[in-house]
Amino acid sequence: MPAATVAVITGASSGVGRATALAFARTGARLVLAARSRPALDLVAESCRALGAPVRVAVADVTEPATVEAVAEAAISAYGRLDVWVHTAAVMAYGRFEDVPAEVFERVVTTDLIGAATVARAALARFRPQEHGVLIFGGSLLGTVVTPYTSSYVTSKWGLRALVRALRLETRDAPGIHVCLVAPGSVDTPIYRTAANFAGRFGQPPPPVDSPERVAAAIVRCARRPRATVTLGLASRIIRFGFVATPALYDVLVGPLMRIAGLSRERVAPHTGNVFAPAPQPPGPARPAPARPGWWPAAALAGGLLAWQSVRRSRRTGASTLTR
């Protein structure tokens with residue numbers, strides 16, 4: 002990453018995007034921060050300027066391509082080039098698929114997947130002429146596994162992973178251009194409470210939960226030394242292994258674990274959250290204190306996996322003995 006890196010961050014107003022803006026500001030980067038909420042952006046920009054970073058602010062909605070183009074032009078106009086684009090903007094909806102209104106489902110997919118494609122189009126159009134640039138997408142464990150009550154978000158994140166892979170293949174002719182995916186598990190951000198909700202209970206990040214700052218640090222490292230995919234957390238690897246290696250067992254366990262660890266006990270009436278427009282975070286903690294140690298969902302899945310394998314081995318041994 003060159004000195005005085007020019008970095009655009011979409012979704013910079015909160016959560017991982019905000020933490021990433023601050024992390025880049027500490028490196029001396031020159032920033033363009035974009036999101037839908039100007040007041041929230043101004044607060045983040047003020048914090049970045051206090052760290053010594055030059056900052057431009059651009060109100061943008063990734064479902065409106067013209068506003069994304071304006072973000073790219075703001076970077077070129079202000080700084081003459083664009084080195085890194087980090088895209089973390091996302092919305093979410095909770096509820097059974099049949100309970101989530103079609104327009105909410107479609108808007109989540111449009112924002113999280115089609116919006117990412119819009120950002121990629123704008124970024125690559127600037128990277129190609131200058132023959133360098135790093136495009137980093139905020140992915141998720143839910144781009145590799147599936148949980149109930151999050152169908153629109155899961156659909157988007159699986160699609161995002163495919164999009165990133167396709168872009169990586171199509172930029173092989175440009176060794177100075179990198180397309181990366183940073184995929185954490187649960188992160189303590191407002192998205193769980195600002196999400197649209199038709200599940201009857203507020204969502205919460207299932208433990209173990211990473212801080213936005215840890216994810217932001219991984220993003221900055223990826224900008225400096227681009228890697229195709231960065232996966233954060235041992236628990237994510239355990240859960241992904243269970244999803245792939247023993248899908249039947251995973252399907253038995255994931256529903257109860259999601260209801261216990263992924264949905265809080267706090268009731269909420271159906272609402273569309275910030276899916277269609279910025280919305281203040283509802284009162285209350287983003288992450289209620291867990292009733293059990295943070296590793297227990299992954300440990301439960303790992304324990305179930307080992308028990309399942311033990312039963313299968315016993316059955317094979319028994320069958321082998323009977324045939325002798």
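Going by our numbering, the first residue of the sequence shown is number 2, and it counts up by one from there.
Backbone N, C-alpha and C fix where the C-beta goes; we use that ideal spot for every residue, glycine too.
Judging by CA-CA distance, which residue of the options is the nearest neighbour of residue i?
i: M259; options: R228, R57 and G204; result: G204
i: L143; options: G263, R27 and D84; result: G263
i: A229; options: T64, A73 and A163; result: A163
i: P130; options: V165, E104 and L83; result: L83
i: P208; options: A197, T156, R166 and I261; result: I261
i: A217; options: A8, V7 and A22; result: A22
i: L136; options: V9, L170 and P149; result: V9
i: V276; options: V109, D43 and S48; result: V109
Near residue i, what residues of its chain come up, given a Cβ to Cβ distance below 6 Å and the 5 sequence neighbours on each side ignored?
i: V101; result: A94 and F199
i: Y251; result: G243 and F244
i: E214; result: A20
i: R57; result: V33, A75 and A79
i: F128; result: G134 and I178
Can you tell me where the alpha helix (DSSP H) with residue i in it begins and where it stops?
i: S78; result: P66 to Y80
i: T230; result: No alpha helix (DSSP H) contains T230, which is instead part of the beta strand (DSSP E) from T230 to T232.
i: F25; result: G16 to R27
i: T145; result: Looking at the DSSP string, T145 is not in any alpha helix (DSSP H), and its letter there is neither H nor E.
i: L34; result: Note, L34: premise wrong, no alpha helix (DSSP H); beta strand (DSSP E) at R31 to A36.
I'd like to check one pair, residue j with residue i: are the Cβ atoms closer than 8 Å?
i: L233; j: G274; result: no
i: A51; j: A35; result: no
For the beta strand (DSSP E) holding residue i, just list the boundary residues, first then last.
i: S265; result: L264 to R268
i: A90; result: Per DSSP, A90 belongs to no beta strand (DSSP E) and is neither H nor E.
i: G1; result: The structure shown does not extend to residue 1, since the chain is modelled only from 2 through 325, so no value can be given for it.
i: R57; result: V56 to V60
i: R202; result: R202 to G204
i: I10; result: V7 to T11
Whose C-beta lies closer than 7 Å to the C-beta of residue i among residues of the same chain, with five residues either side of it excluded?
i: P294; result: In this prediction, P294 has a pLDDT of 40, which is less than 50 and means its spatial position is unreliable; nothing more can be read from the coordinates.
i: V63; result: T11, V69, A90, T112, G116, T119 and V120
i: T172; result: I178 and V180
i: P289; result: Here P289 scores only 45 on pLDDT, less than 50, and its place in the model should not be relied on; the value that follows carries that caveat. Correct list, in chain order: Q205 and S265.
Can you list, in chain order, the residues of its chain with a C-beta nearer than 8 Å to that of residue i? Leave out the 5 residues immediately preceding and following it.
i: G53; result: A26 and G29
i: A41; result: S14, S15 and P279
i: A5; result: G29, A30 and R31
Counting only C-beta atoms, is residue i closer than 8 Å to chain B at any point?
i: V45; result: The chain labelled as chain B is not found in the depicted structure, where only one protein chain is given.
| said: Does the stretch 220-237 come into contact with the stretch 117-134, if we say contact requires no fewer than three beta-carbon pairs (one atom in each stretch) closer than 8 Å? | reply: No, the stretch 220-237 is not in contact with the stretch 117-134.
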